[in-house]
Every structure is written in structure tokens, then in C-alpha cells.
Amino acid sequence: MTEKEKMIMGELYLAFGEELTNERQYAKEVLYEYNMLKPNEIEKRDNLLRGLFGSVGEKFYIEPPFRCDYGYNIHWGENSYANYNLTVLDCAKVVIGDDVLIGPNVNIFTAAHPILPSQRKSGLEFAKDIEIGDGSWIGGGTTINPGVKIGKNVIIGSGSVVTKDIPDNTIAVGNPCRVIKTIDKE
């Protein structure tokens, strides 16, 4: 099994082999161009992400600068928007639903490291999928940790650190992020 296959399956893998290093370098090159385009070059910017991401909705927008590890593990929904300085460590699948709003300076981290120092020292890491449900709003400065599933129509307060799943139709805030209110259905 290749290191890439291990990564995608959520197993311990070595991130600095030739294949994964080359793929991260490719993403850096694409994102350098993306982040340097003039503000009015929206179609060119969209096309760069369409070529990099695993899938993208018909209508979407991500304000530059934007950074990710690989791109192909990102699945971006229809009519979803991210403000400035989004960072996505997409060593595992990241699914952004439809009609999602993401504030500035948000971090989405699928990558994690072993507890044992000897494993960390050897360069091993692992990754867990992240999902953000349709209609959710992620406040600025939020960090979403590996393996988290945020339900549909969720509001995450600014500056939150999301370490556990958040159920549908709730407002959650804090460090660690916790549900403080249920949103009544329309």
C-alpha cells in the first residue's frame, strides 16, 4: 500500500515520500497563481480551483489568499463562500456542503500526529475526514480539528475550536466548542 493510500484511508503514513511531496508542491504552485491573480480574474481563479479540488459546485467563491495541502480531497458545495485566509489541511476528505459561509482566518485541519513521541519523531502522521453540513456558518478565526462532522444549519461562533461533532440546527461556541442553543426550524 502506498503512503498516499494509507493517508486517504486514515492510517499512519509518512508524508514526505516523493509522491505526496510532489502533490503538495503541485498544489502550492496552483495556489500561488490563484492567490496572485488580479481581483477581476474571477473565472480564471474558479478554473484553477476546479482543476485542483476533488469536486466543486457550479457557483462558489473563496477569497484569496487560500491554502491547502493537496486540493483533491476537498469537495466544495454549491453556493458556498469562504472569506480571506482559509487554510485547509486536506490529508483526508473535506466536504463543504451547499450554502455554507466560512468567515476569515478559518483553519480546517484533517492532519493529526500520533501520541507516542517515537512515532512523531519518525515522521508518521494520520488524517481524519471533516464534514460541514449544508447551510452552516463558520465564524471567523475558528479551528476545526480532525474527524469533526458539523451538521446542517449550524452556526459556529467566531474563535471557536471544534473538537467534537456538532448536531444539526444548533449554535455552538467556545474552546472547546459546545452547543449553547438549538435553532428552531423555519
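Going by the UniProt record's numbering, 148 is the number at position 148 of the sequence shown; the sequence numbering is gapless. No residue lacks a Cβ here, since even glycine has one placed at the ideal position from N, Cα and C.
- Lys93 is the residue among Ala15, Tyr70, Lys93 and Lys59 whose C-alpha sits nearest the C-alpha of Glu131.
- Residues Arg120 and Glu125 of the same chain have their beta carbon placed closer than 7 angstroms to that of His113, with the five preceding and five following residues left out of the count.
- Membership of Val30 in the alpha helix (DSSP H) is indicated by the continuous run Glu18 to Met36.
- The DSSP assignment places no complete run of the alpha helix (DSSP H) inside the region 130-183 (cut-off: 4 residues).
- Straight through space, the alpha carbons of Ala82 and Phe66 are spaced by roughly 9 angstroms.
- According to the DSSP assignment, Ser80 belongs to the beta strand (DSSP E) that extends over Ser80 to Ala82.
- Residue nearest to Cys177 within the set Lys152, Asp184 and Asn145 is Asn145 (criterion: CA-CA distance).
- Per DSSP, the beta bridge partners of Thr87 are Arg67 and Asn107.
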